[in-house]
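Residue numbers (full-length UniProt numbering): 1 to 453.
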Ligand code: SF4
């Protein structure tokens, strides 16, 4: 998985009103959905003992930063944010500043020297550590593990339309460029029954779409004492009454079995959307990346998916400028994406992450060349998306409405395509058919057709 770092300034909101103890927390999150889900868990814990969230760190009684190191730019943003807190910490020394996420390594003394104003560095798998700065959490001790990992995006907070649920932590792969296994450890699946309970709770609270999360989400279950699988989990979660849509992120091609794809095709709630990172289209580059599959393996999984779900949309991740990537090898990636035509491609320029295998190799593709390759793929993808979306003109798609953007309702299709439309009614959290009247490479515009459900 090569998550694209994004910043979230809001924590999750708990739909259940809890006694306000007058204290405020501010959580700043950067990185993948897993970090967002962890931040939501921290928010839920703090809310459970009476804290409330604030967007203003100046009025917070605790500030938590959830960090990402998957790219240098993300790590730089965390360092910038930490340094920006020095003044606040000087004015209010009693306010704990906490750092969690992938930046927190076992060598916390190094971080401590670099950021002496931080009160606590804690490993994201060890939430109990928070008790050191929030003693009230001790009262929850027995229940900490039971608190939901739910995540309610800001736009949808009132109606809790969508939620992320982590199902497996860590990663057993050792892709040569990736820091995740060093920071998140080996794969650890959550018990199936616990996940199903959590989803049922979310649905009770109004959530209509759940995304199951993991760095290698389709590895789910192999490490459990009673061995399970993603296919088995999908079946169990699909059976939760009232759940409309089910997704999962991010899959590894090696684990994308026929059984999982067949199960996706069979279950009504599972969306016809596959997120399957390829990273490169050249087998030699894939070998050096230690991805453990070939270009043909990846193509085969996409072809099988499309054979079982002809309307399936495909998202993938690509890294350009990996050490030693020649122009010819890059052209293999370009040709692959032109041939397969994905609905979404998350593009990244390679940057070495200290501690990984590839960081020991010369970063020998000049930055300007990485940018050129990035642009070339971007241009190709824009053309692909333009064509694909144009084919949707005049069709009617089912949209789950997640909120408003620039005065228009916004939501996603089952294939995860963004749709915007005008409607005088309050359709937040509703499923609504929308007839597509205009297309762009990145989203669709349309008119509501039919009764919101
Ligand atoms: S090591 Fe590979 S499979 Fe594991 S999280 Fe990193 S990129 Fe994904």
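Backbone N, C-alpha and C fix where the C-beta goes; we use that ideal spot for every residue, glycine too.
Quantities reported herein were computed from a predicted structural model and do not represent experimental measurements.
N- and C-terminal bounds of the alpha helix (DSSP H) containing residue 509: Absent from the model: residue 509. The displayed extent of the chain is 1 to 453, so no value can be given.
Heavy atom of ligand 1 within 8 Å of residue 171 beta-carbon: Taking non-hydrogen atoms of ligand 1 into account, the C-beta of residue 171 is found less than 8 Å away from one of them.
Close-in-space but distant-in-sequence residues of the same chain around residue 214 (CB under 6 Å, 5 per side omitted): Taken in chain order, the residues that qualify are 167, 168.
Cβ neighbour criterion (16 or more within 10 Å) applied to residue 272: With a threshold of 16 other beta carbon atoms within 10 Å, residue 272 meets it and is buried.
Residue(s) in a DSSP beta bridge with residue 26: Residue pairing by DSSP places residue 26 opposite 63 in a beta bridge.
Other residues of its chain near residue 153: CB distance less than 6 Å, five sequence neighbours each side excluded: Model confidence at residue 153 stands at a pLDDT of 34, short of 50, so the residue's coordinates are unreliable; what they give is reported in the following sentence. Excluding positions up to five away in sequence, the list is empty.
Among 162, 320, 388, 257, the one whose alpha carbon lies nearest that of residue 403: For residue 403, the closest of 162, 320, 388, 257 by C-alpha to C-alpha distance is 162.
Beta-carbon gap between residue 101 and residue 31 smaller than 9 Å: Less than 9 Å divides the Cβ of residue 101 from the Cβ of residue 31.
Residues bridged to residue 349 [DSSP beta-bridge criterion]: Residue 349 is bridged by DSSP to 320.
Where the alpha helix (DSSP H) containing residue 43 begins and where it ends: That run of the alpha helix (DSSP H) goes 33-48.
Per-residue DSSP class, three states only, for residue 167: Residue state, collapsed to three classes: strand.
Enclosing beta strand (DSSP E) for residue 119 [first to last residue]: Per DSSP, residue 119 lies in no beta strand (DSSP E) segment and is marked neither H nor E.
Through-space distance from residue 426 to residue 56, alpha-carbon basis: So the two alpha carbons sit approximately 29 Å from each other.
Pair within 9 Å by beta-carbon distance, residue 437 and residue 450: The answer is no: Cβ separation not under 9 Å.
Presumed contact (8 Å Cβ cut-off) between residue 304 and residue 350, rounded CB distance: Not confirmed; about 29 Å, so no contact.
Beta-ladder partner(s) of residue 421, from DSSP: Per DSSP, 409, 446.
Beta-carbon spacing of residue 337, residue 318 below 9 Å: Contact: yes.
Ligand 1 heavy atom lying under 8 Å from the CB of residue 291: Remark: the shortest separation between the CB of residue 291 and any heavy atom of ligand 1 falls under 8 Å.
Distance cut-off 8 Å: residue 72 Cβ against heavy atoms of ligand 1: The answer is no for residue 72.
Per DSSP, cross-strand counterpart(s) of residue 328: Bridge partners of residue 328: none, in fact.
Residues that residue 275 bridges to, as DSSP identifies them: Partner(s): 315.
Helix, strand or coil at residue 91 according to DSSP, with G and I counted as helix: Here DSSP, grouped into helix, strand and coil, assigns residue 91 to helix.
Between the CA atoms of residue 20 and residue 156 - distance to the nearest angstrom: Its pLDDT being 33, under 50, residue 156 is placed unreliably in this model, and the value from its coordinates should be taken loosely. In this structure, the alpha-carbon of residue 156 lies about 22 Å from that of residue 20.
Those residues which DSSP pairs with residue 72 across a bridge: In the DSSP output, where bridge partners are listed per residue, residue 72 has none listed.
Own chain, CB closer than 6 Å to residue 292, minus 5 neighbours either side, in chain order: Setting aside the 5 residues that flank it on each side, residue 292 is surrounded in the same chain by 254, each with a C-beta closer than 6 Å to its C-beta; the list follows chain order.
Beta-carbon proximity check, residue 299 vs residue 328, cutoff 9 Å: In this structure, residue 299 keeps its C-beta atom at 9 Å or more from the C-beta atom of residue 328.
Under 9 Å between C-beta atoms of residue 98 and residue 70: For residue 98 and residue 70, no; Cβs fall outside 9 Å.
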